[in-house]
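S.K.: Residue numbers (the working numbering): 39 to 293.
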């Protein structure tokens with residue numbers, strides 16, 4: 039397995055490695071990859087799987103993010119031997135490259151570093167920030183990305199088993215809901231299939247979300263016959279409700 043690591047170097051710059059797969063297996067080995075940078079050197083490797091023992095030319099560009107202007111265009115031969123490449127069966131291991139960059143000659147700003155092998159893009163890219171304003175912007179983006187990831191993780195529900203419940207089905211017909219029918223639930227909501235369930239509010243409070251057989255329902259209704267560990271599932275038609283019958287099913291609380 040080839041471990042690809044990202045490294046932050048805080049001198050007069052800030053580097054961020056675009057996220058990718060943390061582990062690369064032989065079957066997933068890309069044509070090229072940037073390793074961690076330092077303050078003056080771009081390091082990476084490139085190869086052709088069809089010519090595993092041949093050193094190949096790579097193209098690396100540096101683009102000013104604000105102007106979209108390519109301010110650096112390098113075309114080295116990836117011919118530096120590296121033990122890690124050889125150990126991970128990337129050809130004969132002679133596929134590394136190093137590019138020295140005089141960042142002092144560049145104005146302050148954010149620069150995107152991209153690479154290609156035979157027209158195929160590297161699996162990752164780098165960002166280089168020069169100057170305090172650029173560093174602050176990279177930091178802001180990183181914090182924003184972390185906040186977004188945290189929000190996405192928080193939005194993913196977790197489930198807690200409440201055990202086995204008796205489940206039945208009902209529909210809006212008079213037979214199921216009486217002479218007033220089921221045009222609205224006891225909470226005032228309009229009942230919907232794959233959404234509404236009737237519960238005993240003393241056991242399952244209104245508004246609680248439950249997952250039953252892979253479907254997430256909301257407790258919006260009650261019924262005279264729905265007591266204790268019993269859930270009545272709303273269906274659009276009486277045939278569907280009757281087909282459900284009475285079943286013992288595991289119920290999960292959506293947290």
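Positions of the beta carbon are idealized from the N, C-alpha and C atoms, including for glycine.
(1) Can you give me the Cβ contacts of residue 115 inside the same chain, cut-off strictly under 6 Å, excluding the 5 residues immediately before and after it?
(2) If we ignore side chains and look at the alpha-carbon of each, how far apart do residue 172 and residue 148 end up?
(3) Could you tell me which of 275, 243 and 221 sits nearest to residue 265, measuring between CA atoms?
(4) Got a sec? Which residues, its chain only, sit under 6 Å from residue 130 by beta carbon, not counting five neighbours each side?
(5) Where does the unbroken beta strand (DSSP E) through residue 111 begin, and where does it stop?
(6) Could you name the residues of the same chain whose beta carbon sits closer than 6 Å to that of residue 236, not counting the 5 residues immediately before and after it, in chain order?
(7) Excluding the five sequence neighbours on either side, which residues of its own chain have a C-beta within less than 7 Å of the C-beta of residue 1, listed in chain order?
(8) Pick helix, strand or coil for residue 89, following the three-state DSSP scheme.
(9) Return the CA-CA distance between residue 284 and residue 205, expressed in angstroms with no decimal places.
(10) Would you kindly work out how many angstroms separate the C-alpha atoms of residue 181 and residue 109, rounded to a whole number?
(11) Residue 240 to residue 275, Cα distance in whole Å?
(12) Please say whether residue 176 and residue 188 have beta carbons closer to each other than 8 Å?
(13) Please state whether the Cβ-Cβ distance between residue 158 and residue 152 is less than 8 Å.
(14) Which parts of the stretch 118-192 are runs of the alpha helix (DSSP H), unbroken and 4 residues or longer, counting only runs that do not cross its ends?
(15) Since residue 242 sits in a beta bridge, which residues does DSSP pair it with?
(16) Taking 8 Å as the cut-off, decide whether the C-beta atoms of residue 75 and residue 67 are in contact.
(17) For the alpha helix (DSSP H) containing residue 281, list its first residue and its last residue.
M.R.: So, to answer that:
(1) 93 and 95
(2) 6 Å
(3) 243
(4) Closer than 6 Å at the Cβ level, and outside the excluded window around residue 130, lie 91.
(5) 108-112
(6) These residues qualify, in order along the chain: 259, 260, 261, 264 and 270.
(7) No answer is possible for residue 1: the residues shown for the chain start at 39 and end at 293.
(8) coil
(9) 6 Å
(10) 28 Å
(11) 28 Å
(12) no
(13) In terms of Cβ geometry, residue 158 and residue 152 do not form a close pair [threshold 8 Å].
(14) Runs of the alpha helix (DSSP H) inside the stretch 118-192: 121-125.
(15) Per DSSP, none; premise fails for residue 242.
(16) no
(17) Membership of residue 281 in the alpha helix (DSSP H) is indicated by the continuous run 276-282.
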